[in-house]
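According to the numbering used here, the stretch in the sequence shown is residues 75 to 216, in order.
Scroll down for the structure; my scribbles are underneath it.
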Amino acid sequence: MEDRQINNTIEFFIPLEKIPTATGQQKKITWSYKDNKPIIYDAPLLREAKEIFKSELYRHKPDKPLIGPLRLVTKWCYGTKDKTKIGVYKDTKPDTDNIIKAFKDQMTKLRFWEDDAQVSSEITEKFWNDVVGIYVKIEKIQ
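See the structure below:
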């Protein structure tokens, strides 16, 4: 699918070899003895997932951030060779609220919008599919 940016809608598909398994919840904690406080940082798998998302999303970012209320639709297509599973909702881990966090954070950093608070409607779905990747649609809503 080629990028479509028409009528206040951005739509694209990111093909991947494998959907990253790290989620936004995967943080590490260490202690700063110098400052006497905890230091929270991204686990290596989460850092890697963010880099994949950032590099793939960069190709699709708009020239200017979208403004106003937005709907974000993502469809996460997990690979399967079982033809009977294709198109079937994936009801196993990871949870949709966990997979979208790091992805959405990268969209914010790349300025798809001014502020992620603009995402007033969010639909995140997981499917089994023979093509692995993430379908993304962002549209202005009223």
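A virtual CB, placed ideally from N, CA and C, is assigned to each residue, including glycine.
This structure is a prediction, so every number in the text was calculated from the model and none was measured.
Between the segment 194-204 and the segment 136-146 there are three or more inter-stretch CB-CB distances shorter than 8 Å, so the stretches are counted as touching. Note on the segment 136-208: whole beta strand (DSSP E) runs with a minimum of 3 residues are 144-153 and 193-203, in chain order.
Leaving aside the five residues that flank G153 on each side, the residues in its chain whose CB is nearer than 6 Å to its CB run, in chain order, V206. For S106, the pairing in a beta bridge is given by DSSP as K111. For I126, the enclosing alpha helix (DSSP H) begins and ends at P118 to Y132. For E85, the uninterrupted beta strand (DSSP E) segment begins and ends at T83 to P89. Assignment of I215 by DSSP, reduced to helix, strand and coil, places it in the coil class. Less than 8 Å separates the beta-carbon of T182 from that of D190.
Between I141 and E188, the C-beta spacing is below 8 Å. In this model, I160 and Q192 are separated by some 33 Å (Cα to Cα).
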